[in-house]
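Residue numbers (our numbering), protein chains in the order written: chain A, 363 to 474; chain B, 474 to 587. Every residue gets a Cβ at the ideal spot worked out from N, C-alpha and C, and that includes glycine. One structure is given here, and the rest of the page talks about it.
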């Protein structure tokens, strides 16, 4: 079964609003990453947070990590229509080899 | 740099046929992997490689073979195609470090098995 589970599965907001997506995982991890996928295209890396970090920022993105709850959140502030995409979390387990496992994703739709 | 390239972009196979999906990267990355993406399922890891000559199974390896004879290339072979293998296939590569790995993805191969 997949390591990461995103919530919600789909999110629709107005341009200018903030979008928050959550990810839960099952096993201990070395790091957690967030990726974006525009329709029909490959995934693009957004941000990586290590297991010893609690919060990280990159432009309009803010990621938090709570290893005690095995969860992470991705916040996109002041969303734009161009942010419309699917967002995936991915985890590298701390044991079990070099596997990066993806969640099912959150589909974000930003209305202009 | 071309990054990660995949061929073909689209392929239709009949049940029982075999084929090879090609993947190449020009970034000298050690780590390469294959994923399949089905609607609502996210990406599932098929096989991965941590360097030339070294491969290992992911979450859904059955029906697929891989080999890694060079750093640049990581082909995925479908041995006897089945309708359940209809999916979009993505190849990815990364330079792994203890701090984590940003994966670079190819554009994908859309495979239909009839």
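Taken through DSSP and simplified to helix, strand or coil, residue 557 of chain B comes out as helix. By the beta-carbon neighbour count (other beta carbons within 10 angstroms, threshold 16), residue 488 of chain B is exposed. Setting aside the 5 residues that flank it on each side, residue 480 of chain B is surrounded in the same chain by 495, each with a C-beta closer than 7 Å to its C-beta; the list follows chain order. Contacts with chain B at 8 Å (Cβ-Cβ) do not include residue 398 of chain A. Nearest neighbour of residue 513 of chain B by Cα position, chosen from B:580, B:560, B:534, B:576, turns out to be B:560. Taking the Cβ atoms as the reference, residue 450 of chain A lies roughly 18 Å from residue 504 of chain B, outside the contact range of under 8 Å. When only Cα atoms are considered, residue 469 of chain A and residue 501 of chain B end up about 33 Å apart. According to the DSSP assignment, residue 437 of chain A belongs to the beta strand (DSSP E) that extends over 433 to 438. Look at residue 466 of chain A here: in three-state DSSP terms it is coil, with no helix or strand label. Its Cα nearest to that of residue 583 of chain B, the residue A:402 stands out among A:402, A:372, A:379. Within 7 Å of the CB of residue 466 of chain A, the CB atoms of chain B belong to 513, 514, 515, in sequence order along the chain. Counting along the chain, residue 454 of chain A sits inside the beta strand (DSSP E) bounded by residues 447 to 455.
Residue 403 of chain A reaches chain B at 580, counting residues in chain order whose Cβ is nearer than 7 Å. The beta carbon of residue 436 of chain A does not come within 8 Å of any beta carbon belonging to chain B, so the residue lies off that interface. Within the model, the alpha-carbon separation for residue 417 of chain A versus residue 426 of chain A is close to 4 Å. When Cβ-Cβ separations below 8 Å define contact, residue 450 of chain A makes contact with chain B. Take residue 587 of chain B, set aside five residues on each side of it, and the residues of its chain with a beta-carbon closer than 8 Å to its own are 485, 486, 487, 488, 556, in chain order. Residue 475 of chain B carries a coil assignment under DSSP once its states are collapsed to helix, strand and coil. Residue 563 of chain B reaches chain A at 404, 405, counting residues in chain order whose Cβ is nearer than 8 Å.
Short of 8 Å from the beta carbon of residue 517 of chain B, and not among the five residues preceding or following it, lie these beta carbons of its own chain, in chain order: 508, 509, 510, 511, 531, 532, 533.
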